[in-house]
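Trainee:
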Ligand code: DCP
Ligand code: MG
């Protein structure tokens with residue numbers, strides 16, 4: 144017998160920024176599949192296709208229960224023919240042949256490994272693959288010139304690949320907090336990115352730093368970086384900063400010398416003037432798709448431009464309208 148709930152279509156609004164979406168996901172098998180296709184598209188420089196798969200995955204993430212029947216998807220936004228085929232395949236066969244063959248393809252595997260090196264993007268990885276480099280050993284043996292970030296990325300590959308836990312993020316928050324306090328006592332620091340959204344792991348730790356007095360944030364970043372770097376040479380602090388973005392930090396000290404004591408973690412530090420803080424906090428909290436959709440909503444639905452610095456009205460006439468004033472052109476504003 145067909146259960147009523149199985150044929151009641153779901154309903155969600157068209158933009159991700161109109162939807163509440165916690166980390167609870169009733170459709171992880173489907174969204175993992177679509178996310179993998181999105182990742183493959185992004186790694187192949189097909190950003191349009193990548194966004195389409197990301198939007199489709201986001202719609203499924205927002206559903207209140209698991210999809211069991213294609214008819215439940217009728218009328219849902221952002222589900223194109225390609226995404227629907229993948230979903231149908233998984234509902235009917237348990238897997239999608241396209242997803243499985245992508246996952247197993249040599250090209251995808253090589254792109255994942257090479258772009259997993261900090262500082263290596265899809266274009267560089269693609270060039271290396273065309274030169275026959277598919278893995279880290281082949282890269283090391285190739286004699287390719289690596290920049291400083293890439294050298295550090297290669298050296299700490301295994302650490303950086305390992306997700307950062309919330310406990311590690313909080314420990315690093317303590318270290319960066321002390322550094323900020325000593326170079327600028329009034330400055331404020333906030334944990335942003337995935338951890339602010341309640342995630343328990345992340346690929347990095349994102350911080351936003353500001354100062355209550357506009358202008359006093361200028362020069363804060365170089366001071367912070369050199370403070371952190373100086374700890375290394377003096378052996379005063381349990382942290383080492385490489386390329387501004389890779390942190391080596393000492394995990395719980397162990398008396399045994401054989402035990403691992405250091406761990407490399409990616410850290411993203413952003414400094415914002417207090418006047419832009421609200422936009423920076425909104426912009427750096429994510430998720431990436433949520434941010435993209437906020438900007439799309441602002442542009443397409445409201446005629447405004449949203450960035451992590453400001454919200455601009457694209458038609459200045461509308462500012463007057465918002466203020467309940469009749470538009471006055473510049474040459475008549477000579478008060
Ligand atoms: N961000 C964005 N667009 C980008 C990169 C970043 O809008 N191209 C914003 C939204 C992200 C936030 O910055 O959520 C932090 O970037 P991360 O790549 O660190 O993303 P998350 O913190 O969300 O993910 P993770 O938990 O894997 O670190
Ligand atoms: Mg992050």
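Residue numbers (the UniProt record's numbering): 144 to 478. Backbone N, C-alpha and C fix where the C-beta goes; we use that ideal spot for every residue, glycine too.
#1: Measure the Cβ-Cβ separation of residue 154 and residue 218 and say whether it is below 8 Å.
#2: Terminal residues of the continuous alpha helix (DSSP H) containing residue 230?
#3: With three or more C-beta pairs closer than 8 Å as the rule, is the region 252-270 touching the region 209-226?
#4: Are the region 322-333 and the region 302-310 touching by the rule of at least three beta carbon pairs closer than 8 Å?
#5: From what residue to what residue does the beta strand (DSSP E) around residue 353 run?
#6: Assuming the contact rule is C-beta atoms closer than 8 Å, residue 177 and residue 210 should be a hit. Round their C-beta distance to whole Å, please.
#7: For residue 189, which option in 156, 453 and 266 has the closest C-alpha, if you only look at C-alpha atoms?
#8: Excluding sequence positions up to five away, which residues of its chain have a Cβ less than 6 Å from the Cβ of residue 157?
#9: Which ranges would you report for the alpha helix (DSSP H) in the region 151-195 if only whole runs of at least 4 residues count?
#10: Can you have a look at residue 283 and say buried or exposed, based on whether 16 or more other CB atoms are within 10 angstroms of its CB?
#11: Rank 442, 315, 324 and 471 by C-alpha distance to the C-alpha of residue 411 and give the top, closest one.
#12: Report the residue from 242, 195, 182 and 390 whose alpha carbon sits nearest the alpha carbon of residue 259.
#13: Within the chosen definition, does the region 447-465 reach the region 415-435 through at least 3 CB pairs nearer than 8 Å?
#14: If we call anything under 8 Å between Cβ atoms a contact, is residue 324 one with residue 348?
#15: Decide if the region 411-422 is in contact with the region 356-372; the criterion is three or more beta carbon pairs, one per stretch, under 8 Å apart.
#16: Using the Cβ count rule (16 or more neighbours within 10 Å means buried), how would you classify residue 371?
#17: What's the gap between the Cα of residue 463 and the Cα of residue 469?
#18: What did DSSP end up calling residue 424 once you bin it into helix, strand or coil?
#19: Take residue 377 and list the residues in its own chain whose beta-carbon comes closer than 7 Å to its own, dropping the five residues that flank it on each side.
#20: Note down, in chain order, each residue of its chain lying with its Cβ closer than 6 Å to the Cβ of residue 379, except the 5 sequence neighbours on either side.
#21: Spell out the partners DSSP gives residue 331 in its beta bridges.
#22: Rounded to the nearest angstrom, what separates residue 173 and residue 163 at their Cα positions?
#23: What separation, rounded to the nearest whole angstrom, lies between the Cα atoms of residue 482 and residue 227?
#24: So what does DSSP say about residue 308, is it helix, strand or coil?
#25: Taking C-beta to C-beta, are residue 276 and residue 285 nearer than 8 Å?
#26: Should residue 434 be counted as a contact of the ligand DCP given a C-beta to heavy atom distance under 7 Å?
#27: Within 7 Å: the Cβ of residue 479 and any heavy atom of the ligand MG?
#28: Rounding to the nearest angstrom, what Cα-Cα distance links residue 170 and residue 293 in this structure?
Mentor: In brief:
#1: The answer is yes: Cβ separation under 8 Å.
#2: 224-236
#3: no
#4: Pairwise C-beta distances place the region 322-333 out of contact with the region 302-310, as fewer than three of them are shorter than 8 Å.
#5: 348-353 is the span of the beta strand (DSSP E), which, as asked, contains residue 353.
#6: Wrong, their Cβ atoms sit about 12 Å apart, outside the cutoff.
#7: 266
#8: 220
#9: 171-186
#10: exposed
#11: 315
#12: 182
#13: yes
#14: no
#15: yes
#16: buried
#17: 6 Å
#18: helix
#19: With a pLDDT of 45 at residue 377, under the threshold of 50, the modelled position of that residue is not reliable, and the figure given next carries that caveat. None.
#20: Residue confidence is low: residue 379 scores 38 on pLDDT, short of 50, so the model does not pin down where it sits. Its coordinate-derived value is still stated next. Same-chain partners within the cutoff: there are none.
#21: 353
#22: Straight-line Cα distance between these residues: approximately 19 Å.
#23: An answer regarding residue 482 cannot be provided, because it is not within the stretch 144 to 478 covered by the chain.
#24: strand
#25: yes
#26: yes
#27: Residue coverage of the chain in this structure runs from 144 to 478, which leaves residue 479 outside it and unanswerable.
#28: Taking the straight line joining both Cα atoms gives about 36 Å.
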